[in-house]
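In the numbering used here, the protein residues as written are 35 to 508.
Ideal Cβ positions, reconstructed from N, Cα and C, are used throughout, including at glycine.
Input: a single structure, listed below in structure tokens.
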């Protein structure tokens, strides 16, 4: 019988009469049951957060840091349990689940070190003016299914440090690790500071519309982000949106094929391609296209697709049936148009689990759906280019602008190209590296605002200017 998990509301672990089943995407078996919250539970969580805000916002920052560091330690102390639970609900291989749990602990600890300092605007004999940061209030956090715990704590920790309280909704597809985290931190933070509630996707709009929530922080699709922005506009909630991407990697002709091919593979196929900043379009210079594409394809054939809990698995299943169907649709569209496949392209409909074979396409056209749309699955289109100017234009020809990468021995040339890409982050000779001290946010339709670093922390605050007129009435 699947374990019944509970929500964290006002310092207590609570259940509801209505529940949701959580499915292991590797075998389509139920691995846990969670509460299905509605308006009543949301109201209770928000009211608890509102009460807690009155005290937490005035709690000295060092005490807030101590609570955040205790959360980091709780994750680290329960690493093995958490990564196995994560694989069972999300599908990613154990090594990648271990990375997420370790990154979550490290991210929380790093966030605790950030400082919001006052800025002196004017300091003269006549006047002293300074800008300080004050917490927004109650935050509503909505988290996706691809990195459920990491995405949760990167919202919880800065909210807490700023003096805010939070009501967080995990994805209904992957709530288990986050609810186990809730159990672990229940006695580490004051009641109401962190509330974690689960429910169907319909719970998200209720959070966005709730009159006592002051800010929404959301990670997910651009389509949903637009709905959140529209809903938040009704009472001018503050928003941070980390949305989709169709990230381009550019491989220059001097790139070392032997060193780069494997890295390019994992830049696309880590977490079965279900990463907002995964390389989703790879442009390879025509001088090395044949050699590089064959090297990537050869490496791909050595990687095992399977249950993430099994030793030797490199790429796990797609996390849920809806996304599985979408990835299969994109592959079928490519086949219908006669595009060439270097690897994969045939999904086996028999058996259980949402498995898509590693699929690599050979130079499809720029307007192919597999190129123009975000795949969010284990599918990689490789394309040729001739000149820097051409590839920059093609890379920028997208409504998205989240991240990108340039691979070259000539780092000066790489930086010159990076500076012309319309994205929030560009890597030179690496991939998927996000620093807790550097802001992360998208251009164009890839997002609004920033996460991480001091800029991300400021997203949970208002600026307040205090001006003192010297020599006035005294």
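By the CB criterion at 7 Å, residue 386 and residue 123 fall outside the cutoff.
Boundaries of the alpha helix (DSSP H) around residue 298: 291-303. The beta-bridge partner set that DSSP reports for residue 467 is empty.
Counting along the chain, the unbroken beta strand (DSSP E) around residue 282 starts and ends at 281-285. One Cα belongs to residue 503, the other to residue 166, and the distance between them is close to 17 Å. For the options 115, 180, 438 and 414, the alpha carbon positioned closest to that of residue 218 is the one of 115.
For residue 88, the enclosing alpha helix (DSSP H) starts and ends at 73-90. Its chain contains 337 and 338 as the residues whose beta carbon lies nearer than 6 Å to that of residue 348, once the 5 sequence neighbours on both sides are disregarded; these appear in chain order. Along the length of the region 224-289, whole alpha helix (DSSP H) runs at least 4 residues long occupy 237-243 and 256-266, reported in chain order. In this structure, residue 234 lies near residue 206, with their beta-carbon atoms less than 7 Å apart. In the structure shown, the three-state DSSP call for residue 448 is helix.
The beta strand (DSSP E) runs lying completely inside the region 110-191 and spanning 3 residues or more are 153-157, 161-169 and 172-176, given in chain order. Around the beta carbon of residue 58, 16 or more other beta carbons sit within 10 angstroms, so the residue counts as buried. The beta-carbon distance between residue 226 and residue 86, rounded to whole angstroms, is 3 Å. This is short enough to meet the 8 Å contact definition. With respect to residue 438, residue 477 sits apart: the two C-beta atoms are not nearer than 7 Å. Taking a 10 Å sphere around the C-beta of residue 154, we find fewer than 16 other C-beta atoms and assign the residue as exposed. C-alpha of residue 258 to C-alpha of residue 159: approximately 52 Å in a straight line.
Ranked by Cα distance from residue 67, the first of 463, 298, 38 and 305 is 38.
In this chain, residue 327 is not harboured by any beta strand (DSSP E); it is covered by the alpha helix (DSSP H) spanning 323-334.
Its chain contains 288 as the residues whose beta carbon lies nearer than 6 Å to that of residue 443, once the 5 sequence neighbours on both sides are disregarded; these appear in chain order.
In the three-state scheme derived from DSSP, where H, G and I count as helix and E and B as strand, residue 106 is classed as helix. Residue 441 and residue 407 have their C-alpha atoms roughly 23 Å apart. Relative to residue 464, the option among 353, 302 and 488 whose CA is nearest is 302. By the neighbour-count definition (other C-beta atoms within 10 Å, threshold 16), residue 383 is an exposed residue. The alpha carbon of residue 415 has as its nearest neighbour, out of 448, 381 and 373, the alpha carbon of 373. The region 254-271 makes no contact with the region 96-110; the number of CB pairs closer than 8 Å stays below 3. In the DSSP assignment, no residue is bridged to residue 421. The alpha-carbon of residue 54 is positioned some 10 Å away from that of residue 64. Counting C-beta pairs closer than 8 Å gives three or more between the region 327-337 and the region 295-311, which meets the contact rule. Under the Cβ criterion (8 Å, minimum of three pairs), the region 313-324 counts as touching the region 273-284. Per DSSP, reduced to three states, the secondary structure at residue 359 is helical. Inter-residue distance for residue 448 and residue 395 is about 25 Å (C-alpha atoms, whole angstroms). Cβ neighbours of residue 409 within its own chain (closer than 7 Å, five residues either side excluded): 307, 314, 361 and 364. Assigned with DSSP and collapsed to three states, residue 53 falls in strand. With respect to residue 125, residue 342 sits close: the two C-beta atoms are nearer than 7 Å.
Relative to residue 457, the option among 327, 311 and 404 whose CA is nearest is 311.
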